[in-house]
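Below you'll find the structure, written out as structure tokens, and then a few comments.
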Amino acid sequence: MLIRKFKLAALAIFIILAVTACATQVQRVAVNKDIDLSGAWNDTDSRMVSEAMIKDMLDRPWFRNYARKHNRQPAVIVGRIRNLSDEHINVRTFVSDIERAMINSGQINFVASSNQRKEIRSERKDQDINASESTRKAMGQEMGADFMLKGSINTIVDMEGKTQLRYYQIDLNLISLANNRMVWLGQKKIKKLIKNSRLRF
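The opening residue of the sequence shown carries number 0 in numbering that gives the first Met the number 0; numbering runs sequentially from there.
What follows is the structure in structure tokens.
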């Protein structure tokens with residue numbers, strides 16, 4: 000009888016430990032903390048690349064030449080950033096990081112995207128009918144972009160056994176809307192060595 004009770008107690012402890020081990024554990028971490036779980040493109044890569052590339056863009060001669068010639072900051076719009084890599088990358092978050100880096104620099108007049116402009120134009124049309132004369136915003140007063148920023152994300156993957164080397168190349172180019180002249184070409188490279196890799200695409 001004692002042995003049976005002992006076995007039941009041991010079984011109960013085993014079940015409790017098994018359930019506890021399988022339970023989901025969640026830990027809150029700082030959003031700016033660098034965490035790499037799989038080795039794939041992540042929020043840290045997006046933030047670091049966008050900040051470094053926009054800083055490089057603003058440090059180049061085209062910016063000083065434009066400001067000196069026109070006596071104002073250039074107006075920039077972000078065009079299409081293509082994901083040409085072998086993995087799923089949320090390009091929209093990368094574009095948001097680029098836009099944030101440009102706006103926070105204080106050196107760029109940033110122009111809203113085409114989708115954003117459609118919504119704002121719709122609001123202006125509504126104001127033409129419903130808003131008072133003193134608060135109505137007139138049509139035809141938008142700031143036109145001087146340059147469009149376009150780019151792509153590419154990867155090269157090399158793998159041997161459970162070790163994987165992932166190489167990312169991010170290319171951005173700034174094009175004048177007045178004459179299609181490319182005034183800046185930026186490139187950022189990231190190389191990650193991943194051991195015991197289970198990453199597959």
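From the three backbone atoms N, C-alpha and C, an ideal C-beta is built for every residue, glycine too.
**Request:** Would you tell me roughly how many angstroms separate the C-alpha atoms of Ile-53 and Ile-12, rounded to the nearest one?
**Result:** 57 Å
**Item:** Cβ-based neighbour list, Gly-143, same chain, cut-off 6 Å, excluding 5 preceding and 5 following
**Value:** none
**Prompt:** Straight-line CA distance for Lys-152 to Ala-66?
**Reply:** The sequence given here places Ile at residue 152; Lys does not occur at that position. If I take the Cα positions, the gap works out to 30 Å.
**Prompt:** To which residues of the same chain is Arg-79 closer than 7 Å at the C-beta, ignoring the five residues directly before and after it?
**Reply:** Lys-149
**Item:** Stretch-stretch touch, CB-based, cutoff 8 Å, three pairs: the segment 157-170 with the segment 186-194
**Value:** yes
**Prompt:** How many angstroms separate the CA atom of Gly-139 from the CA atom of Ile-119?
**Reply:** 12 Å
**Message:** For Gln-115 and Asp-96, I'd like the C-alpha separation in whole angstroms.
**Reply:** 17 Å
**Prompt:** What separation, rounded to the nearest whole angstrom, lies between the Cα atoms of Glu-132 and Ser-121?
**Reply:** 17 Å
**Asked** Taking C-beta to C-beta, are Lys-194 and Thr-154 nearer than 8 Å?
**Response** no
**Message:** Using a 10 Å radius around the Cβ and a threshold of 16 neighbouring Cβ atoms, would you call Ala-130 buried or exposed?
**Reply:** exposed
**Request:** Mark Asp-44 as exposed unless 16 or more other C-beta atoms lie within 10 angstroms of its C-beta, in which case mark it buried.
**Result:** buried
**Prompt:** Which residues in the same chain have their Cβ closer than 6 Å to the Cβ of Leu-192, if we skip the five residues on either side of it in sequence?
**Reply:** Leu-164
**Asked** Whose C-beta lies closer than 8 Å to the C-beta of Pro-73 among residues of the same chain, with five residues either side of it excluded?
**Response** Phe-62, Tyr-65, Ala-66, Ile-107, Asn-108, Asp-145, Phe-146
**Asked** The beta strand (DSSP E) spanning Lys-149 covers which residue range?
**Response** 146-159
**Prompt:** Shortest alpha-carbon distance to Leu-57 belongs to which of Asn-179, Gly-105, Val-110?
**Reply:** Gly-105
**Request:** Could you tell me if Ala-137 is buried or exposed, where buried requires 16 or more neighbouring beta carbons within 10 angstroms of its beta carbon?
**Result:** exposed
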